[in-house]
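Chemist:
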Amino acid sequence: MNLKKALIEDGFFIEDGHYYKGSSFDAELFLREVVEHESPYRTHLKIINELDDFKLLKNKHIPNKYVYQFYVKEPFLRIDESYDIYFKSLECLKGIVSER
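Take the sequence shown: its letters are residues 1 to 100, numbered as in the numbering used here.
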């Protein structure tokens, strides 16, 4: 959650599959298409908050699905189709994801 807060403070718009704080995860909201250059309020960066939400998405057929798993000590899950990316600090991670 520190990452999401820091990115939002830096002007990023994050989609996480929740319409509002306290709402249930909505897979369709999370999976909606990104609208490029038409809306300043849409993003390419989507963050899954809970492993249960990820498991729900993992069972869906999603074209062009890429999973980037960022971790400090070790990856949370063993996922064949993921890119596991180690980072030392929040500033390092912000630098990685802010490369647009």
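In this text, a Cβ means the ideal position worked out from N, Cα and C, and glycines have one as well.
How many whole angstroms separate the CB atoms of residue 55 and residue 30, which I take to be in contact at a CB cut-off of 8 Å?
Modeler: About 13 Å; that fails the 8 Å criterion.
Chemist: To the nearest angstrom, report how far apart residue 65 and residue 87 are at their CA atoms.
Modeler: If you take the alpha carbons of residue 65 and residue 87, they lie about 22 Å apart.
Chemist: Based on DSSP bridge pairs, tell me the residues matched to residue 46.
Modeler: The partner list for residue 46 (beta bridge, DSSP) reads 15.
Chemist: In the DSSP output, which residue or residues are listed as bridge partners for residue 70?
Modeler: The partner list for residue 70 (beta bridge, DSSP) reads 85.
Chemist: Taking the alpha-carbon positions, what's the residue 10 to residue 60 distance?
Modeler: Computed Cα separation, rounded: 32 Å.
Chemist: Taking CB distances under 8 Å as the criterion, tell me whether residue 26 reaches chain C.
Modeler: This model lacks chain C altogether, as it is built from one protein chain only.
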